[in-house]
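Below is one structure, written out as structure tokens; the observations come after it.
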Amino acid sequence: MELSRRIKSLPRYLFAELDRKKQALRQQGRELIDLSIGDPDLPTPQGIIDKMSEEIRDPRNHRYPDYEGLLEFREAVASWYWRRFGVSLDPSTEVMALIGSKEGIAHLPLAFVDPGDYVFVPDPGYPVYRASTILSGGIPYTLPLREERGFLPDLRDVPSEVAARAKVLFLNYPNNPTGATATREFFREAVAFAREYDLIVCHDAAYSELYFESPPPSFLSVEGAKDVGVEFHSLSKTFRMTGWRIGFVVGNAAVLSGLGRVKTNVDSGVFNAIQRTSIWVLQGNMDGEVEGWRQELRRRRDVMVEGLRSLGFKVEPPKATFYLWLKVPEGYTSRDFAERLLEAGVVVTPGVGFGEWGEGYVRMALTVTEGQLREALRRLREVKL
Ligand SMILES: Cc1ncc(COP(=O)(O)O)c(C=O)c1O
9 MELSRRIKSL PRYLFAELDR KKQALRQQGR ELIDLSIGDP DLPTPQGIID KMSEEIRDPR
69 NHRYPDYEGL LEFREAVASW YWRRFGVSLD PSTEVMALIG SKEGIAHLPL AFVDPGDYVF
129 VPDPGYPVYR ASTILSGGIP YTLPLREERG FLPDLRDVPS EVAARAKVLF LNYPNNPTGA
189 TATREFFREA VAFAREYDLI VCHDAAYSEL YFESPPPSFL SVEGAKDVGV EFHSLSKTFR
249 MTGWRIGFVV GNAAVLSGLG RVKTNVDSGV FNAIQRTSIW VLQGNMDGEV EGWRQELRRR
309 RDVMVEGLRS LGFKVEPPKA TFYLWLKVPE GYTSRDFAER LLEAGVVVTP GVGFGEWGEG
369 YVRMALTVTE GQLREALRRL REVKL
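This is the structure we're talking about:
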């Protein structure tokens, strides 16, 4: 059976060999510490489960949801946005529910990108920006994220003939995999660039609440942003609801309407019981839980940064997210280094899996207990580099 050219042109899966080794070690009974998973290890807070237990019993939640989300959900998002970012949104046209932010990111190019159009994708980056571009027939144009620029792309580097043929600019701060955050100044540059070339900015803010310093700004908080773009959010990482599949996109009404045209044809919205539970969550009922989660992640981050420094690694504490982006020692590729750590019983993701500019780094997800992180450090100490 022949796969479509579209599917065949998706980037190759790079880690088959590493996965095979991981599997083999597990079969030998080795207990691995897995720092490769971008999924909270702690369960969804009990309050959310209790609220869901109520909502699931209510028959009005059992029917097909509207693809754009309940108006009450969109109102709750708009109120949360105002409280958190000082950005005002019209719930009826500037907010839409998503079946996780991945769903919206994956569908957006289908609404706006024609075959041959360029889409700007950050590299290293969340792989879905590139994949969704290819699935829509677009051409991904790599924006390198370099450490010396704080992992912000240099938009002045882009040739104007490419920008003129581009439709979408994907950005993501706080950033997966680097843990970098963006300034309002950078967002202003992005708005000016988008205006000049008539681009849609898609800012992915899935990690906006997992911060350790001042709360990161919304892209929409800079002047003119709503004229050119949208922002994606998720309840997944903030409230440890990855399996529940709920997120949202907010901002430019025409962009939301285009995405809505795709959604009406391919999905049927988010389970209403989950939306009603999420309204309660966004009303601030879980804010204390989120603060506790941030504190837990901060402790883990500090243990790991201090431990890695004591092993001679140069590493800066990330300002946000639960990822550590670690430069590999001289003489290693990111894959060689990940393999070396795997032999010692620690699983990390080679940076090259996030794009060619991720070469030279590995990503460690702090989604294991502090005790396991300390054990990972003990194992790393024994690795001969
Ligand atoms: C940068 C980024 N954006 C979006 C997502 C998707 O999250 P969800 O679909 O659970 O909202 C992820 C998940 O790992 C991510 O890392």
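Going left to right, the sequence shown walks through residues 9 to 393 as the working numbering numbers them.
Just so you know, even glycine gets a beta-carbon here, dropped at the ideal spot from N, CA and C.
Note that the coordinates shown come from a computational prediction; the quantities given were computed from them, not determined experimentally.
Does the Cβ of residue i lie closer than 6 Å to at least one heavy atom of ligand 1?
{"i": "Thr250", "result": "yes"}
{"i": "Asn293", "result": "no"}
{"i": "Ser242", "result": "yes"}
{"i": "Ala214", "result": "yes"}
{"i": "Asn180", "result": "yes"}
{"i": "Tyr137", "result": "no"}
{"i": "Ser109", "result": "yes"}
{"i": "Gly46", "result": "yes"}
{"i": "Asn69", "result": "no"}
{"i": "Gly266", "result": "no"}
Count the other C-beta atoms from every protein chain shown that fall within 10 angstroms of the C-beta of residue i, then say buried if there are 16 or more, exposed otherwise.
{"i": "Glu102", "result": "buried"}
{"i": "Trp88", "result": "buried"}
{"i": "Glu63", "result": "buried"}
{"i": "His70", "result": "exposed"}
{"i": "Asn273", "result": "exposed"}
{"i": "Pro358", "result": "buried"}
{"i": "Asp27", "result": "exposed"}
{"i": "Gly320", "result": "exposed"}
{"i": "Glu231", "result": "exposed"}
{"i": "Ile208", "result": "buried"}
{"i": "Ser222", "result": "exposed"}
{"i": "Tyr137", "result": "buried"}
{"i": "Ala262", "result": "exposed"}
{"i": "Gln303", "result": "exposed"}
For residue i, I'd like the list of residues in its chain whose CB is within less than 8 Å of its CB, leaving aside the five on either flank, ordered along the chain.
{"i": "Gly146", "result": "Pro117, Val121, Asp122, Pro123, Gly124, Asp125, Tyr126, Val127, Lys175 and Val176"}
{"i": "Leu374", "result": "Leu43, Leu305, Arg308, Arg309, Met312, Phe330, Tyr331, Leu332 and Leu381"}
{"i": "Pro53", "result": "Phe247, Arg248, Met294 and Glu297"}
Nearest to residue i by alpha carbon, out of the options?
{"i": "Arg82", "options": "Ser12, Trp288 and Ala171", "result": "Trp288"}
{"i": "Ser17", "options": "Glu63, Lys29, Gln35 and Ile142", "result": "Ile142"}
{"i": "Glu155", "options": "Glu378, Gln291, Arg34 and Trp365", "result": "Trp365"}
{"i": "Gly277", "options": "Leu78, Val323, Arg192 and Asn260", "result": "Leu78"}
{"i": "Val236", "options": "Leu264, Glu378 and Tyr215", "result": "Leu264"}
{"i": "Arg163", "options": "Tyr181, Glu197 and Arg192", "result": "According to the sequence as given, residue 163 is Leu; it is not Arg. Answer by Cα proximity: Glu197."}
{"i": "Lys245", "options": "Asp49, Leu11 and Asp27", "result": "Asp49"}
{"i": "Arg386", "options": "Tyr75, Glu221, Leu316 and Phe227", "result": "Leu316"}
{"i": "Gly94", "options": "Leu153, Leu228, Val376 and Pro73", "result": "Leu228"}
{"i": "Ser168", "options": "Gly251, Ala202 and Thr341", "result": "Ala202"}
{"i": "Tyr21", "options": "Glu367, Lys322, Phe256 and Phe362", "result": "Phe362"}
{"i": "Asn280", "options": "Glu80, Glu39, Gln35 and Pro225", "result": "Glu80"}
{"i": "Gln291", "options": "Ile57, Arg91 and Phe195", "result": "Arg91"}
{"i": "Asp275", "options": "Gly112, Asn184 and Pro99", "result": "Gly112"}
{"i": "Ala346", "options": "Ser100, Lys110, Lys322 and Leu388", "result": "Leu388"}
{"i": "Pro148", "options": "Arg157, Gly158 and Gly133", "result": "Gly133"}
{"i": "Glu217", "options": "Cys210, Asn260, Leu393 and Gly187", "result": "Gly187"}
Under 7 Å Cβ to Cβ from residue i, same chain only, skipping five residues before and after it: list those, please.
{"i": "Tyr205", "result": "Ala171, Ala172 and Ala174"}
{"i": "Glu76", "result": "Met104, Ala105 and Gly268"}
Cutting at 6 Å between CB atoms, please list the residues of its own chain near residue i, excluding the five before and the five after it.
{"i": "Leu349", "result": "Val356"}
{"i": "Arg253", "result": "Ile107 and Gly108"}
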